[in-house]
Amino acid sequence: MFRRTVGGRSTRSICLVLACLSLALHLVLALFCLSVLQTACVFSPSSLSSSSSSSSSSSSSSSSSSSSPSSSSPIHDAQRTSRQRQSAFSDGNSAHDAAERNERPTGAKMSAGGMGKEDADGSKLEALFSHPLYNLPRPQTPEDDWLLRVKTSKEEEEEEEKDSGGEEFKDSDWQSASEEDGYDRANWTVAADSHPPWLRFHLGISRWELYHRTGPQLGRVSHDMATQPILNAVQKKGGTQLKLLMSFPNHGQALLKPMKGVETDVNLFYFSDFERHNAEISAFHLDRILGFNRIPPVVGRLVDVIKEIKDVTTDRKLSRTFFTSPAGNTCFYGQCSYYCSTEHPVCGSPRMLEVSLATMLPDLSLAPRRSWRSPWRRSYSRTKLAQWEKEPSYCEEVKKTPPYDRGTRLVDLMDMVVLDFLMGNMDRHHYETFEKFGNFTFLLHLDNGRAFGRHSQDEPSILAPLKQCCRIRRSTLLRLSLLSLPGFRLSDVMRESLSRDPLTAVQPLLSEEHLSALDRRLATVLQVLRTCRDLHDDAVHDDVEGRYEEPD
Ligand SMILES: Nc1ncnc2c1ncn2[C@@H]1O[C@H](COP(=O)(O)OP(=O)(O)OP(=O)(O)O)[C@@H](O)[C@H]1O
Ligand SMILES: [Mn+2]
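The sequence shown begins at 1 in full-length UniProt numbering and counts up one residue at a time.
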């Protein structure tokens with residue numbers, strides 16, 4: 001008995017020692033693993049890129065906050081050197097990657113908006129954007145083909161000499177006009193590193209596109225709009241429906257359109273339809289997928305209408321329209337010529353509201369734009385028909401009329417028609433261009449709030465210009481054909497692209513019905529183009545070399 005007890009005790013103590021040993025070994029092993037993992041984290045490029053968009057934006061704001069007192073407008077003279085520009089935007093080859101590295105030492109590729117390259121394998125969207133048709137070689141952009149130009153240091157010095165207050169601002173090229181609380185003091189130098197994302201977006205606008213798809217600006221600017229604190233919200237004049245101009249700490253601004261319901265009322269005329277925030281967001285994604293890059297970046301955001309609009313607005317006319325609905329939701333209606341009344345309020349649930357935020361284009365004083373009346377404008381009347389609806393040969397006249405008689409204006413218009421037909425937008429009465437580029441430039445596809453209204457109906461009249469003119473860019477035709485293939489199906493790449501918008505977490509931005517309507521409408525466009533090519537030798541405007549074959 002005694003012996004057994006002694007034996008039992010010694011066995012127990014041996015077990016205890018062994019347990020301690022194993023515990024210690026496990027601890028050592030865990031510590032070793034941790035140190036290895038940490039090293040991997042420090043050096044993994046993908047981890048760098050996922051964190052870099054926020055770190056880079058904070059570094060740009062911190063560098064701007066260390067500036068001297070502010071004076072003139074932050075974006076006036078927003079320009080940069082041609083060397084920086086060439087390195088940041090040359091494209092279609094390894095120089096581009098190198099340039100991206102130059103501009104973005106932390107390797108930032110993406111943001112919350114998630115428009116970068118390093119997404120999961122098997123992504124149809126990434127496969128599409130890797131296709132040669134989305135990476136056509138392009139010549140270097142000449143200096144005059146950038147919308148904004150950087151002053152050379154010599155020009156800078158000369159102006160400083162002329163300017164009596166020059167001494168005060170010698171460390172900075174751009175100074176903030178705002179001394180209000182919350183805004184970072186702007187101190188942007190010619191060094192691109194100090195530029196906030198919205199300014200980089202402005203500096204990347206060229207004669208032929210609004211942004212370069214593979215550059216870092218897009219993700220960064222979207223990330224900022226989706227996450228930065230909102231400092232002010234005022235009504236934006238112009239247009240018919242309520243829109244707000246939102247301001248952010250780094251002097252970025254966005255155009256807000258609120259959620260107003262989703263489907264179009266079948267009994268409304270196209271011109272009485274309300275605008276949809278999800279249409280603005282979806283139009284941006286569609287335009288990018290079609291390879292146009294002619295819509296400023298748009299993201300969705302859930303905003304607190306009390307904290308982020310009512311409490312911060314300096315617009316008394318807007319704040320006066322806030323009220324609590326019988327259901328206890330916070331609503332407002334603002335002032336505008338349509339739907340701005342207690343009967344058509346914009347309401348939070350109870351205070352959270354889905355909105356779209358579109359990056360603002362450079363101020364009109366810096367980059368004036370020209371508005372063009374569309375030759376295929378609708379009559380905007382319940383009874384009258386427009387001329388193009390009565391005359392089948394209407395396009396023959398248009399083709400002879402400047403600016404449609406030369407350059408790429410007509411095929412640019414056809415690109416816009418394709419975009420509008422796919423998303424069911426009947427509201428393209430005007431389009432805008434940057435004045436600087438005259439008649440030889442891309443068309444801005446602004447104001448898409450009335451698109452994606454009805455999924456069950458395709459509106460053939462939107463395609464009238466294409467049917468009447470029978471002209472299309474080869475690059476557009478090829479990309480449309482690609483998007484009709486199962487491996488790149490338009491509805492699939494749109495679903496994937498939209499899933500990267502922050503609002504997808506709340507609800508899908510487009511219903512499955514709207515997504516499949518895109519495939520159906522794409523088939524219609526391709527059918528129209530087949531007929532055109534059967535009938536006309538000059539239906540295809542050759543903008544790419546013949547080696548790009550039509551996909552089977
Ligand atoms: N991202 C932007 N940056 C700068 N200006 C913009 C932007 N988007 C729109 N605008 C300007 O604001 C004006 C009004 O915007 P928008 O057309 O979207 O509003 P709307 O109320 O739908 O207008 P409408 O009733 O005429 O259709 C446009 O004509 C355009 O010049
Ligand atoms: Mn509109």
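Cβ coordinates follow ideal geometry from the N, Cα and C atoms, glycine included.
- Exclusion of the five residues before and after Tyr-404 leaves Val-398 and Leu-410 as the residues of its chain whose Cβ lies within less than 6 Å of its Cβ.
- Contact annotation, Thr-240 with Tyr-380: C-beta distance approximately 11 Å; criterion of less than 8 Å not satisfied.
- In this structure the segment 351-364 does not lie against the segment 311-320, because fewer than three pairs of beta carbons, one per stretch, are closer than 8 Å.
- If you look at Asp-542, you'll find it isn't in any alpha helix (DSSP H); DSSP assigns it neither H nor E.
- For the pair Val-221 and Pro-249, the CB atoms are not nearer than the 8 Å cut-off.
- Secondary structure of His-430 (DSSP, three-state): strand.
- For the options Ser-461, Gln-507 and Met-352, the alpha carbon positioned closest to that of Leu-302 is the one of Met-352.
- Listed in chain order, the non-local C-beta contacts of Arg-369 below 8 Å within the same chain comprise Leu-361, Glu-432, Thr-433, Phe-434, Glu-435 and Leu-444, local neighbours out to five positions each way being set aside.
- Distances from the CA of Thr-401 to each of His-429, Asn-439 and Ala-367 were compared; the closest alpha carbon is that of Asn-439.
- An exposed status is given to Phe-323, since fewer than 16 other beta-carbon atoms sit within 10 Å of its beta-carbon.
- Checking the 7 Å criterion, the Cβ of Thr-359 is within range of a heavy atom belonging to ligand 1.
- Cα atoms of Thr-214 and Arg-500: separation of roughly 16 Å, rounded to the nearest angstrom.
- For Pro-296, no beta strand (DSSP E) run applies, since DSSP gives it neither H nor E.
- The beta carbon of Glu-432 sits closer than 7 Å to at least one heavy atom of ligand 1.
- For Gln-527, there is no enclosing beta strand (DSSP E); the residue is found in the alpha helix (DSSP H) stretching over 512-535.
- Counting along the chain, the unbroken beta strand (DSSP E) around Ala-254 starts and ends at 253-258.
- Proximity of the beta carbon of Thr-240 to ligand 1 is indicated: a heavy atom of the ligand is located closer than 7 Å.
- Remark: fewer than three beta-carbon pairs, one from each stretch, lie closer than 8 Å, so the segment 528-546 and the segment 482-500 are not flagged as touching.
- Under the three-state reduction of DSSP, Ile-289 is assigned to helix.
- Between Ser-475 and Leu-526 the beta-carbon gap is near 15 Å, outside 8 Å, which marks them as no contact.
- Listed as beta-bridge partners of Ile-472 by DSSP are Val-540.
- Glu-459 carries a coil assignment under DSSP once its states are collapsed to helix, strand and coil.
- In this structure, the CA atom of Ala-523 is about 11 Å from the CA atom of Ser-516.
- Where Cys-331 is concerned, the enclosing beta strand (DSSP E) starts and stops at 330-332.
- Under DSSP, Asp-304 forms a beta bridge with Met-352.
- Only residues of its own chain outside the window of five on either side were considered, and among them Ser-379 have a CB closer than 7 Å to the CB of Leu-385, listed in chain order.
- Positions of the beta strand (DSSP E) runs, each at least 3 residues long and wholly inside the segment 352-438, are given as 352-359, 369-373 and 430-434 in order along the chain.
- Taking C-beta separations shorter than 7 Å and ignoring five residues to either side along the sequence, the partners of Gly-204 in its chain run Phe-89, Tyr-211, His-212, Gly-215 and Gln-217, following chain order.
- When DSSP states are grouped into helix, strand and coil, Trp-208 belongs to the coil group.
- Setting aside the 5 residues that flank it on each side, Leu-518 is surrounded in the same chain by Leu-422, Leu-490, Ser-491 and Met-494, each with a C-beta closer than 7 Å to its C-beta; the list follows chain order.
- Proximity of the beta carbon of Lys-310 to ligand 1 is not indicated: no heavy atom of the ligand is located closer than 7 Å.
- Between the segment 326-338 and the segment 279-287 there are fewer than three C-beta pairs closer than 8 Å, too few to call the two in contact.
- If you check the CB distance, Ala-226 and Leu-244 do not come in under 8 Å.
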